[in-house]
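J.: One structure, as structure tokens, below. Some questions next.
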Amino acid sequence: MKIILYSDIPNLGEEGEIKDVADGYARNYLLPRKFAVRYTKAAVNELEQKQRAISRRKEEKITAAADDKTKIESIEMDIEVAAGEKGKLFGSVTSGTIMEFLDTRGIAVERKHIELPENGIKIVGTHTVTIKLYGGERAVLKVNVSALGDHNKAAGSMEPSESSIPVQPDDTEPVTMKPSESSVQPDDTEPVTEEPLSDSITEG
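Start counting the sequence shown at 81; every next residue gets the next number (the numbering used here).
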């Protein structure tokens, strides 16, 4: 079925694009949720009238991405994590940890757009993390991971609080960590959010 997208749909297309999709996908998902409409002459005419608003939204996203890049590259993430003698973390700093840190600073990014090794950051040190933004823009965040101290003492003495946050644990070790700037959370299932707009209508 030929459709016109009214929303950005991950792995399919962006608002204003014309796509061919399976009939069932259109009838059961896209059309009932008003994410798209059937491709008709009337729908094309309506889309042409909306092009100015679509272009304006795209420009707003481009500006927001540039602002986010500036914000991200002007800060550093400092976090303390329980670690062994050789600096190996008892757990890992994940994309969820970083996403939550950025969120507390008014920067909304998708977890899947934070580029990290599969198992996250697992060693003390300074790490650079690339974050994909709208329109192909990329920002680099510096993440400074330091050891919390003696792990056994920390595990036995730390009390739960708003500033005591778990990282993603290994299978055999307990994890306690205390971020120096913000609260974070474990990396769970990635949320699905809309992808950015394209420059123009493309016929797929």
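Think of the CB as a built atom: it goes at the ideal place given N, C-alpha and C, for glycine as much as any other residue.
What residues match up with residue 106 in a beta bridge as DSSP calls it?
T.: Paired residues: none, contrary to the question.
J.: Return helix, strand or coil for residue 224, following the three-state DSSP convention.
T.: Looking at residue 224 - three-state DSSP - the assignment turns out to be strand.
J.: Could you tell me the alpha carbon to alpha carbon distance between residue 185 and residue 161, rounded to whole angstroms?
T.: Cα to Cα, the separation comes out at about 21 Å.
J.: Please classify residue 96 as buried or exposed, where buried requires at least 16 neighbouring CB atoms within 10 angstroms.
T.: It is buried - the Cβ of residue 96 has at least 16 other Cβ atoms within 10 Å.
J.: Answer with buried or exposed for residue 176, where buried requires no fewer than 16 other C-beta atoms within 10 angstroms of its C-beta.
T.: So residue 176 counts as buried.
J.: Quick check: residue 214 and residue 133, are their CB atoms within less than 8 Å of each other?
T.: Going by C-beta atoms, residue 214 is not nearer than 8 Å to residue 133.
J.: What are the start and end residues of the alpha helix (DSSP H) that includes residue 152?
T.: Note, residue 152: alpha helix (DSSP H), 121-153.
J.: Indicate the three-state DSSP secondary structure (helix, strand or coil) for residue 177 in the structure shown.
T.: Reduced to three states, the DSSP call for residue 177 is helix.
J.: What is the residue span of the beta strand (DSSP E) that residue 160 lies within?
T.: Looking at the DSSP string, the run of the beta strand (DSSP E) that includes residue 160 is 156-161.
J.: Run through DSSP, which three-state label would residue 169 get?
T.: Residue state, collapsed to three classes: strand.
J.: Let me know if residue 191 comes out buried or exposed under the rule of 16 or more other beta-carbons within 10 Å of its beta-carbon.
T.: Buried, by the Cβ-count rule.
J.: With distances taken Cα to Cα, identify the nearest neighbour of residue 199 among 173, 91, 84, 103.
T.: Minimum Cα distance to residue 199 is reached at 173.
J.: With DSSP as the reference, identify every bridge partner of residue 100, one or two as the case may be.
T.: Bridge partners of residue 100: 82.
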